[in-house]
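Trainee: First residue of the sequence shown: 54, per this note's numbering; consecutive thereafter. Can you read through this structure? Questions will come right after.
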Amino acid sequence: MCVWLVRVQLSDPVTLNQSHPIGHIEQVTMSEPSKLRLHVGDLLKRFGSQRSISEAISLDDLSVGATRVPADAEIAIQLQLERISEGIVARGAVSARWASECARCLQPASGPMFISVDELFESEAVAGETYPLEGEILDLEPLIRDALVLELPQAPMCRVDCEGLCPECGIDRNLQTCTCAPEHLDPRWAALQSLDLDQ
Ligand SMILES: [Zn+2]
Ligand SMILES: [Zn+2]
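See below:
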């Protein structure tokens, strides 16, 4: 599912003189994720032409393990598209909040992500390096998904100084204290710890 609000500003010199006024604003509610597909025929006509894109959308299926961008969370997209000789460059930022459980205390955790984007769309895309232009259609969804999934934290924490769970009795050390002895060291690690790595 994809619910979104679109605010498109056209600054392409070709279209400004035609039917689109400066600052043309559309607000559309859509139900298909494929609507991230933009028609860019106007940009392709002239090198250097640009289009600003400012959108708030949501996307489902954005997760790695328990860490995810919730399907109802807002994903903010601020991009500038520019026609260059190789194709169309998309520069700007994608931001959203991730949600997960804390890797130390297992309580709910969440935090912000802000990702800088600078990617090329071209008709002969190179897998893993550039994104495809399908004729006059530029689909932003793969770019948005890649940017967010790569930025999801691998060891999410509820806060930077989370005390975690006691490995002996299991209490949440953020909330309670216990009298357990310091953690038992695995003898293999104890041997490593006795090495002086500064020499
Ligand atoms: Zn925690
Ligand atoms: Zn304990």
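Cβ coordinates follow ideal geometry from the N, Cα and C atoms, glycine included.
Hey, is Glu221 close to ligand 2, as in C-beta under 6 Å from one of its heavy atoms?
Mentor: Checking every heavy atom of ligand 2 against the Cβ of Glu221, one is found closer than 6 Å.
Trainee: Please confirm whether any heavy atom of ligand 3 lies closer than 6 Å to the CB of Arg157.
Mentor: Because ligand 3 does not appear in the structure shown, any question about it cannot be addressed here, the ligands present being ligand 1 and ligand 2.
Trainee: Whose C-beta lies closer than 7 Å to the C-beta of Phe167 among residues of the same chain, with five residues either side of it excluded?
Mentor: Once the five neighbours on either side are set aside, the close Cβ partners of Phe167 are Ala146, Ser148.
Trainee: Return yes when the C-beta of Cys215 is under 6 Å from any heavy atom of ligand 1, and no when it is not.
Mentor: Checking the Cβ of Cys215 against ligand 1 gives yes.
Trainee: Kindly indicate which three-state DSSP category Glu189 falls into: helix, strand or coil?
Mentor: Coil, per DSSP.
Trainee: The alpha helix (DSSP H) that contains Leu201, what's its start and end?
Mentor: Unbroken alpha helix (DSSP H) run through Leu201: 194 to 204.
Trainee: Put Leu218 into one of helix, strand or coil per three-state DSSP.
Mentor: Three-state DSSP puts Leu218 in a strand.
Trainee: Please report the straight-line C-alpha distance between Ile224 and Thr230, rounded to a whole angstrom.
Mentor: Cα to Cα, the separation comes out at about 8 Å.
Trainee: Short of 6 Å in beta carbon distance, which residues of its chain neighbour Thr255, apart from the five on each side in sequence? Order them along the chain.
Mentor: Outside the shown range of the chain, which is 54 to 252, sits residue 255, and nothing can be said about it.
Trainee: Taking the C-alpha atoms as reference points, what is the distance between Arg90 and Ile190?
Mentor: For Arg90 and Ile190, the distance between alpha carbons rounds to 6 Å.
Trainee: Do the segment 133 to 142 and the segment 154 to 162 touch if we need at least three Cβ pairs shorter than 8 Å?
Mentor: No, the segment 133 to 142 does not touch the segment 154 to 162.
Trainee: Using the rule of at least 16 other Cβ atoms within 10 Å of the residue's Cβ for burial, across every protein chain shown, is Ile137 buried or exposed?
Mentor: Exposed is the call here.
Trainee: Would you mind working out which of Gly118, Arg121, Glu139 sits nearest Phe100, comparing C-alpha positions?
Mentor: Of the listed residues, the one whose Cα sits closest to Phe100 is Glu139.
Trainee: Nearest-angstrom Cα distance between Thr232 and Asp192?
Mentor: Going from the Cα of Thr232 to the Cα of Asp192 covers about 57 Å.
Trainee: Asp95 lies in the alpha helix (DSSP H); which residues open and close that run?
Mentor: Segment 94 to 97, the alpha helix (DSSP H) holding Asp95.
Trainee: Taking the straight line between their C-alpha atoms, what separation do you get for Lys98 and Val170?
Mentor: Roughly 24 Å separates the two Cα atoms.
Trainee: Do Ala208 and Ser153 come within 7 Å of each other at the CB atom, strictly closer than that value?
Mentor: The answer is no: Cβ separation not under 7 Å.
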